[in-house]
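Quick note: the sequence shown uses full-length UniProt numbering, first residue 1, plus one each step.
Worksheet: the structure to be examined is printed underneath.
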Amino acid sequence: MPKKHNPTVAELKSLFLAHFSVEQAKGVKLQAPLRQKFGNEVPLEELEELALINSKHMDWMSNLLARRLKRNRHTTPLISPRDTNRLVALLINESPETKDLTAKERKMLTEFVKKIVENGSNTMKVEVLSNKNSYKEYWRWITTVLDLAAERGIAPTELLTLERETDEITRRMFTKRQFILMYKEKMDRFAHVDIEKTVLQPMLELATACGDKSYRRELEQELEMQTRPKLRNYLRELKKVMDAFHKQEIKRIYATA
């Protein structure tokens, strides 16, 4: 653990919350024009429910990372599959609508929420070098943030909301080549996402938990004819938007590099 700074668990948690909030806002901004183009406008009540899940997810993830990093036991994974299962159970148990579910319905809902959480966890992280020790890399990010905040004379959480300062954090942590390679790794994972396994199958199982076989066949046909092609097209367009956004980021962050 770095000796120059000794942040408390609460201070670490606040850093992660600030960082995740900014990153989530970027994601919403990126997808907004695509939702309009494809007609994927989400009803207000669903947006509010999703926002509540994301808020709980961010709080839980920030708290877990803060505690793990403070203990600094490198033999313990920062985030493990067991942690994901705990969060899923927490989210389901906190919802009053799940009290009357049958065992089968609860199992289907658990699998569906798990996919949502796993996908969300891909954005709730700090970008670090994948071939390095996660604990050391996260502490390097924390130290970089705290050092820069001290230099600027502002609170670390405020620093993380300022684009020019987060650009400086990126420059201090990564070379231009490292930054480009990190994005390539991320897009390689994105390109190999199994839509059937991660989205459509859980959706089908959840929707047909109480339905008969004929209803399931009807829904399968709808997914095959409409949802699956539309989703694939959406993901292709999303990749184009992300590529363009990343090129702009490289140009802005490393303009003088």
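The beta-carbon is built from N, C-alpha and C at its ideal position, and this holds for glycine as well.
Cα atoms of Leu90 and Asn63: separation of roughly 14 angstroms, rounded to the nearest angstrom. Exposure of Lys176 is indicated by the presence of fewer than 16 other C-beta atoms within 10 angstroms of its C-beta. The Cβ atoms of Glu137 and Val128 lie closer than 7 angstroms to each other.
Cβ contact annotation for Val113 (same chain, cutoff 7 angstroms, sequence separation greater than five): Val88, Leu91, Ile92, in chain order.
Counting C-beta pairs closer than 8 angstroms gives three or more between the stretch 145 to 165 and the stretch 11 to 23, which meets the contact rule. For Tyr135, the closest of Pro229, Arg217, Thr75, Ala244 by C-alpha to C-alpha distance is Thr75. Spanning the alpha carbons of Lys107 and Thr98 requires a straight line of approximately 11 angstroms. One Cα belongs to Glu237, the other to Arg35, and the distance between them is close to 11 angstroms. The Cβ atoms of Val117 and Thr84 sit closer than 7 angstroms to each other. For Thr170 and Ile253, the gap between their C-alpha atoms comes out near 8 angstroms. Considered as a whole, the stretch 56 to 132 harbours 81 to 94, 103 to 121 as its complete alpha helix (DSSP H) runs of no fewer than 4 residues, in chain order. About 7 angstroms separates the beta carbons of Trp139 and Leu69, which is inside the 8 angstroms limit, making them a contact pair.
Per DSSP, the unbroken alpha helix (DSSP H) holding Ala150 starts and ends at 134 to 152.
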